[in-house]
Amino acid sequence: NNDSNKQTTNSPLKQITIQPHSMMRLALILALVAGSANAFTHHDHSVLVRPFPSIRCNTCLHAKNTSQDKKYHRHDVELNRRDAIGSALKHASILTTASSIANPFFPAHAEETIAPTIQTIVPTVPLGKSTLAVSRTIQGYWQLAGGHGKYTQEEALKNMQAHYEAGITTLDTADIYGPSESIVGKFIKTKPQGAIPCTKFCCFRYLEEIDKAEVRNRVQKACERLQVEKLPLVQFFWSNYDVKRYVDVALMLTELKEEGLIGEIGATNFDLKRLKELKNAGVPLVSHQVQLSCLDQRPVQSGMVDWCAENDVSLIAFGTVGSGILSEKYLGRGPPTQEEKNTSSMRMYSKTAERFGNWKLVQELLQTMNAVASDVRSSGRCVDANISNIAQRYVLDTKSVASVLIGVRNCKHIAENVRTHSFALNDSERDAIGAVLAKRKGPAGD
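Here you go:
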């Protein structure tokens, strides 16, 4: 109470006088007790104190969809003691309308205050109807296959650890990404709790000769490289639809899932027609990894997102920021120069931007996203929101999308990628972006 040194509350029995510091301590205790008992919050996460080094939500998918009726709902969050106290301080501040909370472990006269520490949580979400829960941002390691500059194995492992500690606990690799699987396997060997290595089973050559023995051998080799007893998720790729054996090979993977060598089966870069064929043949798909961004809406325009929603197939989206094209770096300037197209990613996404429309339309998209980011910042939803955050958030809120995949080369963008999960877009902001996307020329297909 700014007007008095004490606060008074009325009770049917008697009047109770409470000193401000005592009320703050009481509020903190109540918040901690509520937290340890899985307290409910409005459209937020309960606090569960556990002696783990990281925090993450294990159930939240589309918060916007799960609480549209404004009812309370609950999630368990693994939270270390420091962050639990920080969260409790935040709620104590709300309960007492205090701008700061005196540390309850020091005497009131010490006048020491603690600013609430609020850490953004990277949620996890189950793929399809499976029990495999992946982080909604996934570490991508195509970058270890070459074409993205030099790196050392030690640097790559440090990147993995740093992203994992930030809550990005799922890693994506493939059997065709050079040493990528083996390096991810070295990280998995350290037994980081909750880390999930996902790989791919890619078929490019001798498609007519692939048999059960080859499939088994390749899956076992991937287990060895990733240093796991079974592969949590195998994402199946087929390069030539004219060789109509993709259903046969997918069913061979299904047999290995039933045997226990594979946890779950996904697809990657299939068109909708072939996805339906796989599903109709009994392949238990839980995910599909595709390029999906504001520059590439093929899964939306083809009806793939709707079909996936109806058939319990979760989408994993890559290319969401177009190798940085969807960022402030390219706002108000020309397209990537030839010198800037120095990575495989930039060369690929530059072509995506060209198919989207002329550079004037790309600039209109960037300007719109920049205005949305400004609105998000000024509203207090995320004080550091930028164009890339808006680009990722737009995709995350798209129907059927479970996660966005980020290509990892260093640790420079960890905080930026994590804060995408700290806010939501409102309908008018999504509509503004959608109005620009409606002007796109491509890409065509699905």
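Here the working numbering is used: the first residue of the sequence shown is 28, the next is one more, and so on. All residues carry an ideal CB built from backbone N, CA and C; glycine is no exception.
By the criterion of at least three beta-carbon pairs nearer than 8 Å, the segment 167-175 is not in contact with the segment 265-281. The shortest C-alpha to C-alpha distance from Ser427 to any of Asn338, Arg446, Thr347 is the one to Asn338.
The C-beta separation of Leu342 from Glu291 comes to about 14 Å, leaving the pair out of contact by the 8 Å criterion. Residue Asn444 holds the alpha-carbon nearest to the alpha-carbon of Ala418 among Arg436, Pro219, Lys439, Asn444.
As DSSP reads the structure, Cys225 sits in a beta bridge with Asp199, Leu260. With a cutoff of 9 Å on beta-carbon distance, Thr347 and Ile433 are scored as near each other. DSSP places Gly461 in no beta strand (DSSP E) but in the uninterrupted alpha helix (DSSP H) bounded by 454-464. Under the 10 Å beta carbon count, Asn416 is surrounded by 16 or more other beta carbons and is classified as buried.
With contact defined as three or more Cβ pairs closer than 8 Å, the segment 318-335 and the segment 438-452 are not in contact.
Within the same chain, Cβ atoms closer than 7 Å to the Cβ of Met279 are found at Lys239, Val242, the five residues on either side in sequence being excluded. In the same chain as Phe345, and ignoring 5 residues on each side of it, the C-beta atoms closer than 7 Å to its own belong to Gly167, Gln316, Gln318, Leu432, in chain order. Only buried fits Tyr421, as 16 or more other CB atoms lie within 10 angstroms of its CB. Just measuring C-alpha positions, the residue of Asp473, Asn397, Val403 sitting nearest Ala451 is Val403. Using a C-beta cut-off of 8 Å, the segment 155-167 makes contact with the segment 192-212, since at least three inter-stretch Cβ pairs fall below that distance. Short of 8 Å from the beta carbon of Leu358, and not among the five residues preceding or following it, lie these beta carbons of its own chain, in chain order: Gln390, Leu393, Gln394, Asn397, Ile414. Taking 4 residues as the shortest admissible run, the segment 382-453 contains the following complete alpha helix (DSSP H) segments, listed from N- to C-terminal end: 386-405, 414-423, 441-446.
Within the DSSP secondary-structure output, Ile148 pairs in no beta bridge. Contact between the segment 200-207 and the segment 216-228 is present, with at least three C-beta pairs closer than 8 Å.
For Thr217, there is no enclosing alpha helix (DSSP H), as DSSP gives it neither H nor E. The residues Leu299, in chain order, have a CB closer than 7 Å to that of Gly330 in the same chain once the five nearest residues on each side in sequence are set aside.
Taken through DSSP and simplified to helix, strand or coil, Pro326 comes out as helix. Counting the other CB atoms within 10 Å of its CB gives Gly349 a total of 16 or more, which places it among the buried residues. In this structure Asn186 is buried. Its beta-carbon is surrounded by 16 or more other beta-carbon atoms within 10 angstroms.
Contact between Gln180 and Lys216 does not hold, since their C-beta atoms are separated by about 13 Å, which reaches or exceeds 8 Å. Per DSSP, the unbroken alpha helix (DSSP H) holding Ala189 starts and ends at 180-192.
Secondary structure remark: continuous beta strand (DSSP E) runs of at least 3 residues inside the segment 257-296, in chain order: 258-265, 289-295. The Cβ atoms of Gln328 and Asp473 lie closer than 9 Å to each other. The beta carbons of Pro150 and His448 sit closer together than 9 Å. At a Cβ-Cβ threshold of 9 Å, Leu258 and Leu288 count as neighbours.
Looking at the DSSP output, Phe345 bridges to Gln318, Leu432. For Ser207, the secondary structure class from DSSP, reduced to helix, strand or coil, is helix.
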